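Under full-length UniProt numbering, think of the first position of the sequence shown as 1, with each following residue one higher. Beta carbons are placed, not taken as given, at the ideal position from N, Cα and C, and that holds for glycine. Note that the structure is predicted; figures quoted are calculated from it, not measured.
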Amino acid sequence: MRRLTKKLNHRTICTIVLMATGSLLWWCLSGYLGGARLQVALLIAAGMVPLFFVFTRLERIATMRLVEKNWALAGENVRLMESLDEIEERFVVSLRSIAETVDAHDVYANGHSKRVANVAVKIGKKLNMSEKELNSLETAALFHDIGMIWVPHYILMKEQPLTADEQAAIRRHTVQGAELLDSAKSLKDEGIAVLHHHERFDGTGYPYGLKGLAIPLAARVLAVADAFDAMTSERPYRCALLMREALEELYSNAGGQFDPHVVEAFLNALDDITRENETVRPETMRFGARLYSMVGNC
Numbered sequence: 001m002r003r004l005t006k007k008l009n010h011r012t013i014c015t016i017v018l019m020a021t022g023s024l025l026w027w028c029l030s031g032y033l034g035g036a037r038l039q040v041a042l043l044i045a046a047g048m049v050p051l052f053f054v055f056t057r058l059e060r061i062a063t064m065r066l067v068e069k070n071w072a073l074a075g076e077n078v079r080l081m082e083s084l085d086e087i088e089e090r091f092v093v094s095l096r097s098i099a100e101t102v103d104a105h106d107v108y109a110n111g112h113s114k115r116v117a118n119v120a121v122k123i124g125k126k127l128n129m130s131e132k133e134l135n136s137l138e139t140a141a142l143f144h145d146i147g148m149i150w151v152p153h154y155i156l157m158k159e160q161p162l163t164a165d166e167q168a169a170i171r172r173h174t175v176q177g178a179e180l181l182d183s184a185k186s187l188k189d190e191g192i193a194v195l196h197h198h199e200r201f202d203g204t205g206y207p208y209g210l211k212g213l214a215i216p217l218a219a220r221v222l223a224v225a226d227a228f229d230a231m232t233s234e235r236p237y238r239c240a241l242l243m244r245e246a247l248e249e250l251y252s253n254a255g256g257q258f259d260p261h262v263v264e265a266f267l268n269a270l271d272d273i274t275r276e277n278e279t280v281r282p283e284t285m286r287f288g289a290r291l292y293s294m295v296g297n298c
């Protein structure tokens, strides 16, 4: 009986009462009941009418309580989402601090990510990327080497050729950086670009050996911007390449290491890059990064 009672809500009971009352009245009016039976039936019907309204009222009260409960839950969900958004914003700010720390970690790479971002955006504009894509590209460039935070400092500053283990430690920075960005839902696209920015157009890059257009466009743009920034930097073990030498390297590796269309866009953007970036000098242009000389175009 208790199980049956639990299954019967106010609306079901109201329906039963209404149907029973209607049936009794129909019997009375149809002449099926007479005399004492008619009086009893009318009394029962008269009692069921207020009972119907009582259960109807209870149903309304239950509905209002349910609505109030749902509103309370909705408000709690909104507050929770606001808290999560605030946490994510703080996390992204922390990631930016980490990225800046990576650049400052190596005196020769100081400001490297910002300069790569500047070059990448100029290339992206020549490729007619949308405003949203350009914003994502700029963010990805600022974070592209964030995984280097796990690379020991002595490896970054080492003047001798790197060992196989040291090369592997540097190569892991793309995956580690992508995993870090993947922790923020607003940086999913940027994480993909970071993961693949050392893939090569001919399929011989890392971490997955993607080839050609299978490499995300943002990653192909970062590859060119990062390489240019690295080749034209001064390092303890070598001098910076001249502008002419760096351009020759990019041009000769178009179709191999680099997407030829991205290289073409870079060349078209070169005037904008040199005009708007005060750190760019035709002879030396102190751009940073260790990766391209000691890890085989990494």
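If you run the structure through DSSP and keep just helix, strand and coil, what is R238?
Sequence index remark: in the sequence shown, residue 238 carries index 238 (1-based). Correct three-state label for R238: strand.
task: Give me the Cα-Cα distance between K126 and A269, rounded to the nearest whole angstrom.
output: Taking the sequence shown and counting its residues from 1, one reaches residue 126 at position 126. Taking the sequence shown and counting its residues from 1, one reaches residue 269 at position 269. Cα-Cα distance, rounded: 7 angstroms.
| query | Do G124 and I146 have their C-beta atoms within less than 8 angstroms of each other? | reply | Reading the sequence shown from its first residue, position 124 is the one you call residue 124. Reading the sequence shown from its first residue, position 146 is the one you call residue 146. No; because the gap between Cβ atoms is not below 8 angstroms, this pair is not in contact.
**F91 (DSSP reduced to helix, strand or coil)** = Reading the sequence shown from its first residue, position 91 is the one you call residue 91. F91 falls in the helix class under three-state DSSP.
| Status (buried if at least 16 other CB within 10 Å, exposed otherwise) for H196 | By one-based count along the sequence shown, residue 196 stands at place 196. Counting Cβ neighbours within 10 Å, H196 comes out buried, since at least 16 surround it.
*Give the single residue among H112, K132, E199 and I61 whose Cα lies nearest to the Cα of D259.*
As a working mapping, residue 259 is identified with position 259 in the sequence shown. Of the listed residues, the one whose Cα sits closest to D259 is E199.
Is it right to say Q160 is buried, meaning 16 or more other beta carbons lie within 10 angstroms of its own, or is it exposed? Mapped onto the sequence shown, residue 160 falls at position 160. Q160 comes out exposed.
Rounded C-alpha distance that separates K132 from M64:
Stepping through the sequence shown from its first residue, residue 132 is reached at position 132. Stepping through the sequence shown from its first residue, residue 64 is reached at position 64. Their Cα atoms are separated by approximately 45 angstroms.
Open item on the list: Which residues does DSSP list as the beta-bridge partners of F201?
Closed with: Here residue 201 refers to the residue found at position 201 when the sequence shown is read from its first residue. F201 pairs with nothing; no bridge assigned.
Item to complete: From the DSSP output, in three-state form, read off A184 for me.
Response: Taking the first residue of the sequence shown as position 1, residue 184 is located at position 184. Looking at A184 - three-state DSSP - the assignment turns out to be coil, as it is neither helix nor strand.
Residues in the same chain with beta-carbon distance under 6 angstroms from T139, minus the five sequence neighbours each way, listed in chain order, please. Against the sequence shown, residue 139 aligns to sequence position 139. The residues are E190.
- Item | Supposed close pair residue 384, T232 - CB separation, criterion 8 angstroms | Summary: the structure shown does not reach residue 384, with the chain confined to residues 1 through 298, and so no result is reported for it.
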